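Visitor: Residue numbers (this note's numbering): 5 to 254.
Think of the CB as a built atom: it goes at the ideal place given N, C-alpha and C, for glycine as much as any other residue.
This structure is a prediction, so every number in the text was calculated from the model and none was measured.
Just dropping this structure here.
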């Protein structure tokens, strides 16, 4: 049994992060792992709430393997206990959701394993994430992609932090005519405070297009002309729209 202090008042991101850190403290560690393998990475923050059970995890792992990386450990959805105990064998932690941030930062502090933030969505975004990992393998520096600061009249993407940033970057690599010349901007809830309702309503209703879980559609004012593209997320709407969740890792 691993006791983890949770009070039910924060995002699932907090609880997952504390749980992964507790596992690493109890069952893993540099002293329990062999020497890191060449080009080895951990995929940190893989949860069913963020990736569902529709093949996204398998596609995510394959994407990194096809790019030439050795996936040491998937933390933690679908992974074996034995492989989890060898998490410190990786040379880079790829943070694919903010749920893994606490664990990744713990491993960086304890063993100096650098962190690359990003989710491979679409060809160009996948190539960008792979390139960041290669650079980090070479120089040991942590990296995270930038994102456009929010502006009125664009494409608003609401969701978990790493997903929202990565999807926004992926959309912005598309030819301008495909996205009607609009830029995409990510918006995500704070771990402790969530999304302030007034800020959320304002951001949604000054955008031209909104990509978010279907439950957010009610926020759009009637007859506003704002286009809504549903992208279900189990952490928001549970299993209601599970069959509509696409395989977005590629």
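1) Considering only residues of the same chain and omitting the five flanking positions on each side of residue 98, which have a CB-CB separation below 6 Å?
2) Using 10 angstroms around the beta-carbon of residue 69, count the other beta-carbons present and answer buried if the total reaches 16, otherwise exposed.
3) Quick one: what's got a C-beta closer than 6 Å to residue 126's C-beta in the same chain, skipping five residues either side?
4) Count the other CB atoms within 10 Å of the CB of residue 85; is the residue buried (16 or more) or exposed (fewer)?
5) Tell me the rounded alpha-carbon separation between residue 64 and residue 254.
6) Do residue 187 and residue 165 have their beta-carbon atoms positioned less than 8 Å apart in this structure?
7) The alpha helix (DSSP H) that contains residue 231, what's its start and end?
8) At what residue ranges does the stretch 139 to 206 contain a whole run of the alpha helix (DSSP H), taking only runs of 4 or more?
9) Closer than 8 Å is the cut-off here; do at least three beta carbon pairs connect the stretch 25 to 35 with the stretch 199 to 219?
10) Can you tell me which of 159, 234 and 170 puts its alpha carbon nearest to the alpha carbon of residue 180?
11) Cβ atoms of residue 220 and residue 162: under 8 Å apart, would you say?
12) Within this structure, are the beta carbons of residue 103 and residue 208 separated by less than 8 Å?
13) On the CB-based measure, 16 or more other CB atoms within 10 Å of its CB, does residue 124 come out buried or exposed?
14) Take the Cβ of residue 182 as the centre, count every other Cβ of all protein chains shown within 10 Å, and call the residue buried at 16 or more, exposed below.
Guide: Straight from the coordinates:
1) For residue 98, where only same-chain residues beyond five positions count, the Cβ hits under 6 Å are 45, 47 and 120.
2) Exposed is the call here.
3) For residue 126, where only same-chain residues beyond five positions count, the Cβ hits under 6 Å are 174.
4) Exposed: under 16 other Cβ atoms inside 10 Å.
5) A direct Cα-to-Cα measurement between residue 64 and residue 254 gives close to 7 Å.
6) Taking 8 Å as the cut-off, the Cβ atoms of residue 165 and residue 187 do not count as close.
7) Run containing residue 231: none in the alpha helix (DSSP H); it sits in the beta strand (DSSP E), 231 to 234.
8) Taking only runs of at least 4 residues, the alpha helix (DSSP H) segments lying wholly in the stretch 139 to 206 are 165 to 176.
9) Put simply, the stretch 25 to 35 does not touch the stretch 199 to 219. Fewer than three CB pairs are less than 8 Å apart.
10) Of the listed residues, the one whose Cα sits closest to residue 180 is 159.
11) Taking 8 Å as the Cβ cut-off, residue 162 and residue 220 qualify as a contacting pair.
12) Cβ distance not < 8 Å, so residue 103 and residue 208 don't count as in contact.
13) So residue 124 counts as buried.
14) Of the other Cβ atoms in all chains shown, fewer than 16 fall within 10 Å of the Cβ of residue 182; this residue is therefore exposed.
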